[in-house]
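Engineer:
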Amino acid sequence: QVRSTDVDEAIETYKRRADDGGMVLVEQNIYLTETIGKNLADLVLPAATWGEEDFTRANGERRIRLYSKFMDAPGEAKPDWQITAMIARKMGFDGYDWETSNDVFEEAARFGRKGVLNYHPLVKYAKRHGRRGHDVLRSYGTTGIQAPVRNEGGELVGTKRLHDPTIELPETGPEADTVWIKKLKSFNSQTGKANFIKSPWFLFADFYEEIRPKDGEIWVLNGRINEIWQSGFDDVMRRPYITQRWPENFIEIHPDDAAGLGIESGDYVEVANDRVPVQTGGFVSRDVKDALYTGLKEAGHIKFVAGKVKAVALVIDVPKPGTTFMYFLNQKESANCLVPRVPDPISDNYRFKLGFGRITRIGDSPYKNDLSQMTFATRSII
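Here this note's numbering is used: the first residue of the sequence shown is 123, the next is one more, and so on.
Have a look at this one:
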């Protein structure tokens, strides 16, 4: 480990670690992050963000747009592609000789030619007309163009809808740089139709039979709230008005449940679960029985831990009786400590949306009679 602030000594330490087969962890970010950057990374490099470099992205409807640079990055901050290239070249790799983000955009185009985000025809079109890919994309303004992009008769055409049997494609076929994937006109199956698969309930029944509220417990669902991006980003870190709106985590409780527990809006409550299942092994199984919850439990691959979270009660008739709702990504009081850590046997995804616990009133929160920070109106009121 590095034990000196001397740069040369730190470099020599990292060299010795690498020579011994160890790893040096590098993080690049626009802010110093609490876990990876502050606690784990050996090197933290300042990165540029949107507006500080020309870059492209595609949203959920496959719409590709150019986000133009309008200011310089602060200090020595550099865009991700440039940091990656600098590290790769230092490590002796070839091919990282990009000079601009447009170079990266154009090189990446050929790797997505058979996918739904194929924009290779746009890059070929740009080269054919003596232009850069970024400049052609910029001509589409904030509307962008939807991938897969097709070249039909020398014109670029976006794809509004996939799996569209009514789409008309030229009888002459695609141009040399255009790939017409099957998903343009049908689903990617043998019949061209969508496959709706019904999973046998026995694969999940034993898990949900045990993992449910009992003896005064209640369902605790968790999810997003509109004011905070799904990753947290810098919403809480740099936007005090969001912290005022949500200074602490909250739990929405139906009035019927709250009355039985003696809870009012603005009360501090504790939500506790002393039987949170955690899978510790058996992630690769030989047959279906071994992969099911009962099989994992019999094989000793399930252990139970306790979790608890403090939150401010919000008594409202949005959740149904018997269920509550919490924000899932609160950095101090995480609702995920109440949910099972046992992945689904089919998708292998963790079931992080469905927890339960016993709710106990702790006392008044400072927000109960001071509405300057937290409101107890429905979240649907903006």
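Each residue gets a CB set at the ideal place from its N, CA and C atoms; glycine is no exception.
1. Between which two residues does the beta strand (DSSP E) holding M208 run?
2. Within the same chain, show all residues whose beta-carbon is closer than 6 Å to that of I152, passing over the 5 residues directly before and after it, in chain order.
3. For K475, does the three-state DSSP call read helix, strand or coil?
4. So if DSSP puts G429 in a beta bridge, which residue, or which two residues, is it bridged to?
5. Please state whether DSSP places G345 in a helix, a strand or coil.
6. Taking the runs of the beta strand (DSSP E) that are 3 residues or longer, which of them lie wholly in the region 351-395?
7. Just how far apart, CA to CA, sit G422 and A413?
8. Contact defined as beta carbons within less than 8 Å: I believe V358 pairs with I350. What is the distance between those atoms, to the nearest angstrom?
9. At what residues does the beta strand (DSSP E) containing A180 begin and finish?
10. Okay, do the region 388-402 and the region 424-436 touch, 3+ Cβ pairs below 8 Å being the bar?
11. Just confirm the distance between the C-beta atoms of A195 and E174, as a whole number of angstroms; I'd bet it's less than 8 Å.
12. Using only alpha-carbon positions, find the residue among V393, L259 and I347 that is nearest to K430.
13. Are there 16 or more other CB atoms within 10 angstroms of the CB of A327, so buried, or fewer, so exposed?
14. Which word fits F177, buried or exposed, when buried means at least 16 other C-beta atoms lie within 10 angstroms of its C-beta?
15. Determine whether the beta carbon atoms of K454 and Y390 lie at a separation below 9 Å.
16. So which of H251, R179 and F450 has the shortest CA-CA distance to Q352?
17. Work out the CA separation of Q495 and R250 for me, nearest whole Å.
18. Do you know whose CA, among D486, H376 and R483, lies nearest K442's CA?
19. Check for me: the beta strand (DSSP E) holding L188 runs from which residue to which?
20. Evaluate G217 with the Cβ neighbour count: other Cβ atoms within 10 Å of its Cβ, from every protein chain shown; 16 or more gives buried, anything less gives exposed.
21. For the structure I just gave you, are there three or more beta carbon pairs, one from the region 295-311 and one from the region 228-237, closer than 8 Å?
22. In this structure, does DSSP put Y489 in helix, strand or coil?
Structural biologist: With the structure as the only source:
1. Bounds of any beta strand (DSSP E) do not take in M208; it lies within the alpha helix (DSSP H) bounded by D202 to K212.
2. A169 and T171
3. Coil, per DSSP.
4. N395
5. strand
6. 372-375
7. 12 Å
8. 7 Å
9. F177 to A180
10. yes
11. 4 Å
12. It is V393.
13. Classification for A327: exposed.
14. Burial call: buried.
15. no
16. F450
17. 58 Å
18. H376
19. R185 to Y189
20. exposed
21. yes
22. coil
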